[in-house]
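Anchor point for the sequence shown: position 19 equals 236 in our numbering, and the numbering is continuous, going up by one each time.
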Amino acid sequence: MIDRSTIDRIFDAAQIVDVVGEFVQLKRRGVNYLGLCPFHNEKTPSFTVSPTKEIFKCFGCGKVGNSVNFVMEHEHLTYPEALRYLAKKYHIEVVEKELSSDELEKQNERESMIVLTAYAARQFTENLFSSDEGISVGLSYFKERGFRQDTLKKFEAGYSFEKRDAFSKKATADGYRQDYLVKTGLSIQSEERIFDRFSGRVMFPIHS
């Protein structure tokens, strides 16, 4: 396990504009920077980088995060791999702390569930804006209550399909473990099958 003080040094050094700018051509727009999103095809820039908040956010596909999240997504790395990538970039010595097998298992589980919930948020957002059911049911619901589409994208609103196992099947097919789906509360175990906890609902992710 990478030592906590090393992680803090990496986050302090990894300025979001510098990290993203290595892969995305950014142009300054006021206090933020704007570019074409590297995570989906677009012709009009909707990918924003905030140096004051140290985050990136795409208003097209809904992806959001910090420097480490960006490297994880763009380079397809795990959390520890992304930290080591940035440590190398900024010439930071990585100090390792040896974990017990129990601590290592808990850490891997926690990190895997964080990745899973981020995946879920993206799926629900895509459902809302890019599917017939999401548009006719989810977006209609929001519009009837006066929500604008830019507001919904800003807060990463989403929609979970009405079919009881639509999300669980998609997540499992994409390689996510069923026990983590249940532990995160996204799915419910019923005998030998799992079902979506939030089927047929509009969704708002909670960020801490």
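Even glycine gets a Cβ: it sits at the ideal position worked out from N, Cα and C.
Where Lys400 is concerned, the enclosing alpha helix (DSSP H) starts and stops at 395 to 400.
In the three-state reduction of the DSSP assignment, Arg414 falls in the coil class, being assigned neither a helical nor a strand state.
With contact defined as three or more Cβ pairs closer than 8 angstroms, the stretch 385 to 393 and the stretch 306 to 320 are not in contact.
Pairing Val234 with Phe273 gives a Cβ-Cβ distance that is not under 7 angstroms. The beta carbons of Tyr376 and Leu345 sit about 4 angstroms from each other, so the pair counts as a contact at 8 angstroms.
With respect to the 7 angstroms criterion, Ala338 and Glu373 are classified as neighbours on the basis of their beta carbons. By the Cβ-count criterion, Thr269 is exposed, with fewer than 16 other Cβ atoms from all chains shown falling within 10 Å of its own Cβ. Within its own chain, the residues whose Cβ lies closer than 6 angstroms to the Cβ of Gln406, once the five positions on either side in sequence are excluded, are Val399, listed in chain order. The Cβ atoms of Gly252 and Phe264 lie closer than 7 angstroms to each other. Residue state for Glu315 is assigned as coil, using DSSP reduced to three classes. Annotation: Tyr397 to Ser329 spans about 8 angstroms, alpha carbon to alpha carbon. One thing to note: Met289 has its Cβ within 7 angstroms of the Cβ of Ala299. Within the DSSP bridge table, the entry for Ile405 names Phe412 as partners.
Within a 10 Å sphere around the beta-carbon of Asp413 sit 16 or more other beta-carbons, which makes this residue buried. Rounded to whole angstroms, Thr389 and Asp225 show a C-alpha spacing of 34 angstroms.
Assigned with DSSP and collapsed to three states, Val237 falls in helix.
In the DSSP assignment, Ser377 falls within the unbroken beta strand (DSSP E) covering 375 to 377. The Cβ-Cβ distance between Met420 and Phe341 falls below 7 angstroms.
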